[in-house]
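Student: Chains as they are written, first to last, in this note's numbering: chain A, 732 to 1066; chain B, 4 to 417.
All residues carry an ideal CB built from backbone N, CA and C; glycine is no exception.
The structure under discussion is supplied below as structure tokens; questions concerning it will follow.
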Amino acid sequence: MLALAPWFYPALAGGLGGQMTSVLIICIAALGLNVMVGFTGFLHLGIASFFGLGGLFLAILTVPMNPLEIGFLPAVFVSVGLTAAIGTLLGSPTLRLRGEYLAIVTLGFGEVVRVLFLNLENVTGGTQGLGPIPPPGSGIFVTGIDLGREFVVDSRWFYYLSLIALFVVVLLVRVLEKSALGRAWIAVREEPLAAATIGISATKVRLSAFTIAAAIAGLAGCLSVASIGTTGDPNAFGFNRSVAILCAVIIGGLGSIPGTLVGVTILFGFDIVVIPSVDSWMQRIQGQVFDVSLFTLGSWRLALVGIALIVVMRFRPIGLIPSRRFAAEFQESKQ
Amino acid sequence: MTHRENTKVSEGAVLSPDIPLLSIDRLTVQSGGIPLIDELELDVSAGSSVAIIDSGRGSKAALLDAICGLRSASSGSVRLDGRRLKQGFSAKTFWGVLFTGILVGLLCAAAAVDIDRLWLAVVKRGLVVDEPFTPANFGRRLRSYFRAELAIDRLAGNWRIVTADGREVLAVRRDLSEARELRNQMQAAVTARRTGPGVVPDITDLVGDANEPQRELLLDETTLDRLAAGKRRIRFRGWSAFICGLFLGVGMSLAIWQRGRRSPEVAARAGVARTFRSPRNFPAMTVFENILVTVEQGIYRKSSAWWPHINKANCIERTEELIRSVGLIDQSFSFASDLTRYEQRCLGIARGLAMDPRILLIDEPADGMNTQQQHALAGILKDVCKGVLTLVVTSAGNDPVALICDRTVHLSPH
Chain A
732 MLALAPWFYP ALAGGLGGQM TSVLIICIAA LGLNVMVGFT GFLHLGIASF
782 FGLGGLFLAI LTVPMNPLEI GFLPAVFVSV GLTAAIGTLL GSPTLRLRGE
832 YLAIVTLGFG EVVRVLFLNL ENVTGGTQGL GPIPPPGSGI FVTGIDLGRE
882 FVVDSRWFYY LSLIALFVVV LLVRVLEKSA LGRAWIAVRE EPLAAATIGI
932 SATKVRLSAF TIAAAIAGLA GCLSVASIGT TGDPNAFGFN RSVAILCAVI
982 IGGLGSIPGT LVGVTILFGF DIVVIPSVDS WMQRIQGQVF DVSLFTLGSW
1032 RLALVGIALI VVMRFRPIGL IPSRRFAAEF QESKQ
Chain B
4 MTHRENTKVS EGAVLSPDIP LLSIDRLTVQ SGGIPLIDEL ELDVSAGSSV
54 AIIDSGRGSK AALLDAICGL RSASSGSVRL DGRRLKQGFS AKTFWGVLFT
104 GILVGLLCAA AAVDIDRLWL AVVKRGLVVD EPFTPANFGR RLRSYFRAEL
154 AIDRLAGNWR IVTADGREVL AVRRDLSEAR ELRNQMQAAV TARRTGPGVV
204 PDITDLVGDA NEPQRELLLD ETTLDRLAAG KRRIRFRGWS AFICGLFLGV
254 GMSLAIWQRG RRSPEVAARA GVARTFRSPR NFPAMTVFEN ILVTVEQGIY
304 RKSSAWWPHI NKANCIERTE ELIRSVGLID QSFSFASDLT RYEQRCLGIA
354 RGLAMDPRIL LIDEPADGMN TQQQHALAGI LKDVCKGVLT LVVTSAGNDP
404 VALICDRTVH LSPH
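In structure tokens form, the structure reads like this:
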């Protein structure tokens, strides 16, 4: 349905398409986070830093002010690989820590990455970020049409690209969940002691989840900076973004793929898509009636999100679409 | 039981007829200074079964924990087939430790020589003066940074002669060729200063000609000294940070390795399986998944391949066989948390068996069961394990499960 939407709704070619694209991209990052938080049950507060790292690597590899300028697709592969490697490096000493300490480590890492982004000005471009990032397919001509130009002009191209990436990631996460590795993740989450006695090395298993989470977030970061065209302000990759994605995963339902997608769509869709359009509509109405704009939803948006979070957690603490397992676990803890 | 296990036990028996499968030597386990187990000696030969009887709670669990590596003993040793259940220092460990050390060292060195300035000198400056980005150029620039050579940079249409890290501007020229010439002469002067008077400098150090009559270089003595010391400074920084990082990385990874030597994974890999008194299954997984994950891990553990191939059909078949053997076939797809206590215990035993172990430690199977259930459990253990698998069962008294064992050991005779 989402794939067909642009055909029927031409507005997606413009600003709305861009907004939908960013929601899809955050869906990808949230699925990565879900691997870590949902499947292995470890609190991860620095997902946005991996998101930012993926984007930064892509920018370094592709912007014209750097000499490398490899194409979009190889750059995506290299950046995802590098982000995964950094995840492994960070994870291998720290994943032996107990849950709460790991949360602190990821939180600290997020801040370190943000500060590095700000201060390594020659590498990252500091607060201005790196840009312009050439759109995917620039320089490739299909029947006389420059694909790169099409990507810039018509945001449906990015919409589709993100949709395909999201589809691939959903498939990947689903396959992983049903694999032997996925079962080992869940075993470690459920009963670490018993998992250790059947020979599962908790560190290795968590490390794999951490690396996969980093790689998926890195992919999302690549798509994000490519669709915006610049890495932008590094502060956008800070703690707030990490927590917002975590909230979306929790609202949707931990460990559940459709839940994660729904959670992100509600939380970020509300934030990125609904509020701007409602505001512009309200401004028009109010302009006609009072000549001035008295009220914007945008200024209340954080309060609304907060209230929504409280309501969901009060009435449906396992999330909107909980996974079967979490529902069982929740039942047990209630008894 | 399966054919596989049959051959395995007989193999062990053939290889070491004198050495018992499990031998515990003067084992002492303490908890908060109070000895739970005091100088215990116990040998269990392959294929036999032992019941360990003690009315107290802590000692039996402590013994099993000490065997399977969940708790470290304060003295004494546990051997399986004559080998201690401890991870050795293998070649893999060595390379892992070395790799970590070098990696941490390189990261420290990168931080110490200022990676941001390095990037500026190696990547960005080449673009400014329109040099193509080739590996040779890259190498030359990298070398030049670590020799603290002077460089040319552009700002607002002017060419500046700067130190390698771009921190200090020595002169500004309008024209690139003029700037190049001046830079070469300055570099020659700095190099001559560094190598001392009368010494013919290393040819690779020279970019300009030191013997050429020098123009006014606008470099006073102190500046010249500072620039000449640049090479030593940056190399000292880089190497000292690298060596510190190397020690840090090696130390850290050795510490991690040391802590993980005596872990449940090592014991599990050697073929020790255990069940717990409180069942400790995976509650939010079905019975089927509970056993399947254990079967899969058993295969991973036995395989030495980096990415072992798992035959899914075989795993599923073995899982079903195990479920049938403990009589949980009707509950196959219900969550482990929904089972009764007896069923949970059966599942625990099935998971222990699923590891395809050499020795199975069962912690108080009779605890909390009624007589009928105790007999049922004894029946299962008798059918499934006895004579094939080495069995260590703990118990609070002479219950039916303890009675099926070949011999009984009382932990505290007093």
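State yes or no: is the beta carbon of proline 1114(A) nearer than 8 Å to at least one beta carbon in chain B?
Tutor: Outside the shown range of chain A, which is 732 to 1066, sits residue 1114(A), and nothing can be said about it.
Student: Any chance the stretch 938-951 of chain A sits against the stretch 967-975 of chain A, with 3 or more Cβ pairs inside 8 Å?
Tutor: With a cut-off of 8 Å, the stretch 967-975 of chain A and the stretch 938-951 of chain A do not count as touching, because too few Cβ pairs lie within range.
Student: Between isoleucine 313(B) and chain A, is there a C-beta pair that is closer than 8 Å?
Tutor: It does: the Cβ of isoleucine 313(B) has a partner Cβ on chain A nearer than 8 Å.
Student: Quick check: is the beta carbon of glycine 860(A) nearer than 8 Å to any beta carbon in chain B?
Tutor: Chain B contact via Cβ: absent.
Student: For the beta strand (DSSP E) holding valine 936(A), just list the boundary residues, first then last.
Tutor: Not the beta strand (DSSP E): valine 936(A) falls in the alpha helix (DSSP H), residues 933-959.
Student: Determine whether the Cβ of arginine 914(A) lies closer than 8 Å to any Cβ atom of chain B.
Tutor: It does: the Cβ of arginine 914(A) has a partner Cβ on chain B nearer than 8 Å.
Student: Give me, in chain order, the residues of the same chain whose beta-carbon lies closer than 7 Å to that of arginine 183(B); leave out the 5 immediate sequence neighbours on both sides.
Tutor: Closer than 7 Å at the Cβ level, and outside the excluded window around arginine 183(B), lie Ile155.
Student: Comparing the C-beta of leucine 1035(A) with each C-beta of chain B, is any distance below 8 Å?
Tutor: Leucine 1035(A) does not count as touching chain B.
Student: Would serine 810(A) pass as a contact of cysteine 953(A) if the rule is Cβ separation under 8 Å?
Tutor: Contact: yes.
Student: Can you look up alanine 213(B) in the DSSP assignment and give me helix, strand or coil?
Tutor: Reliability of the predicted coordinates at alanine 213(B) is poor, the pLDDT of 47 falling under 50, and the value obtained from them is presented with this limitation in mind. DSSP places alanine 213(B) in coil when its eight states are reduced to three.
Student: Look at the alpha carbon of isoleucine 1006(A) and the alpha carbon of glycine 841(A), and state the distance between them as a whole number of angstroms.
Tutor: Going from the Cα of isoleucine 1006(A) to the Cα of glycine 841(A) covers about 28 Å.
Student: If the cut is a Cβ gap below 8 Å, which residues of chain B does glycine 930(A) touch?
Tutor: The contacting residues are Pro267, Glu268, Ala271, Arg272, Gln300, Gly301, Tyr303, Arg304, Met358.
Student: Put glutamate 42(B) into one of helix, strand or coil per three-state DSSP.
Tutor: Strand, per DSSP.
Student: From valine 782(A) to valine 81(B), what distance separates their C-alpha atoms?
Tutor: Residue 782(A) is actually phenylalanine in this sequence, not valine. Cα to Cα, the separation comes out at about 48 Å.
Student: Which same chain residues end up closer than 7 Å to glutamate 852(A) when comparing Cβ atoms and leaving out the 5 residues on each side of it in sequence?
Tutor: Taken in chain order, the list of residues that qualify is empty.
Student: Run down chain A in chain order and give the residues with a C-beta less than 9 Å from the C-beta of glycine 129(B).
Tutor: Chain A residues near glycine 129(B): Pro798.
Student: Looking only at C-alpha atoms, which of Val1009(A), Ala779(A), Gly786(A) sits nearest to serine 1079(A)?
Tutor: Chain A is shown only over 732 to 1066; residue 1079(A) falls outside these bounds and no answer can be derived.
Student: Grouping DSSP H, G and I as helix and E and B as strand, with all else coil, what is tryptophan 162(B)?
Tutor: In this structure, tryptophan 162(B) counts as strand in the three-state DSSP scheme.
Student: Does aspartate 156(B) come out as helix, strand or coil in the three-state DSSP assignment?
Tutor: Aspartate 156(B) falls in the strand class under three-state DSSP.
Student: Evaluate the contact criterion for the stretch 45-52 of chain B versus the stretch 72-80 of chain B: three or more CB pairs, one atom per stretch, below 8 Å.
Tutor: These segments do not touch.
Student: By the criterion of Cβ-Cβ separation under 8 Å, what are the contact partners of isoleucine 259(B) in chain A?
Tutor: Here the neighbours are Pro824, Arg827.
Student: For the alpha helix (DSSP H) containing methionine 68(B), name the first residue and the last one.
Tutor: What sits at residue 68(B) in the sequence shown is aspartate, not methionine. Looking at the DSSP string, the run of the alpha helix (DSSP H) that includes aspartate 68(B) is 61-71.
Student: Could you say which of Val906(A), Val846(A), Val993(A), Ala790(A) lies nearest to glycine 1050(A) if we only look at CA atoms?
Tutor: That would be Val993(A), whose Cα lies nearest to the Cα of glycine 1050(A).
Student: If you compare alpha carbons, which of Leu998(A), Ser1054(A), Gly1029(A) is closest to proline 989(A)?
Tutor: That would be Ser1054(A), whose Cα lies nearest to the Cα of proline 989(A).
Student: Is there a Cβ from chain B that is less than 8 Å from the Cβ of proline 833(A)?
Tutor: Here residue 833(A) is leucine; the residue named in the question, proline, does not match the sequence. Not an interface residue.
Student: Is the stretch 295-311 of chain B close to the stretch 110-128 of chain B, with three or more CB pairs under 8 Å?
Tutor: Flag = no, the stretch 295-311 of chain B and the stretch 110-128 of chain B do not touch.
Student: With which residues is phenylalanine 338(B) paired in a DSSP beta bridge?
Tutor: Thr289(B), per the DSSP bridge assignment.
Student: Taking the alpha-carbon positions, what's the aspartate 341(B) to threonine 289(B) distance?
Tutor: Rounded to whole angstroms, aspartate 341(B) to threonine 289(B) spans 9 Å at the Cα level.
Student: So, is the C-beta of alanine 945(A) closer than 8 Å to a C-beta in chain B?
Tutor: Cβ-Cβ to chain B under 8 Å: no for alanine 945(A).
Student: With glycine 108(B) and phenylalanine 245(B) assumed to form a contact (beta carbons below 8 Å), what rounded beta-carbon distance in angstroms separates them?
Tutor: That pair is a contact at about 4 Å.
Student: Would leucine 227(B) and valine 175(B) be called neighbours here (beta carbons separated by less than 8 Å)?
Tutor: Cβ atoms of leucine 227(B) and valine 175(B): not closer than 8 Å.
Student: Kindly say whether asparagine 853(A), judged by its beta-carbon, lies nearer than 8 Å to any beta-carbon of chain B.
Tutor: Yes, asparagine 853(A) counts as interfacial toward chain B.
Student: Name the two residues that bound the continuous alpha helix (DSSP H) containing valine 253(B).
Tutor: Where valine 253(B) is concerned, the enclosing alpha helix (DSSP H) stretches over 224-262.
Student: Rank Val836(A), Ser987(A), Ser1064(A), Ala896(A) by C-alpha distance to the C-alpha of alanine 948(A) and give the top, closest one.
Tutor: Answer by Cα proximity: Ala896(A).
Student: Enumerate in chain order the residues of its own chain whose CB-to-CB distance from glycine 211(B) is below 7 Å, with the five nearest sequence positions on each side excluded.
Tutor: Residue confidence is low: glycine 211(B) scores 47 on pLDDT, short of 50, so the model does not pin down where it sits. Its coordinate-derived value is still stated next. Correct list, in chain order: Asn187, Gln188, Gln190, Ala191.
Student: Along chain C, which residues have their Cβ under 9 Å away from the Cβ of leucine 924(A)?
Tutor: The question asks about chain C, but that chain is absent: this structure's protein chains are A and B.
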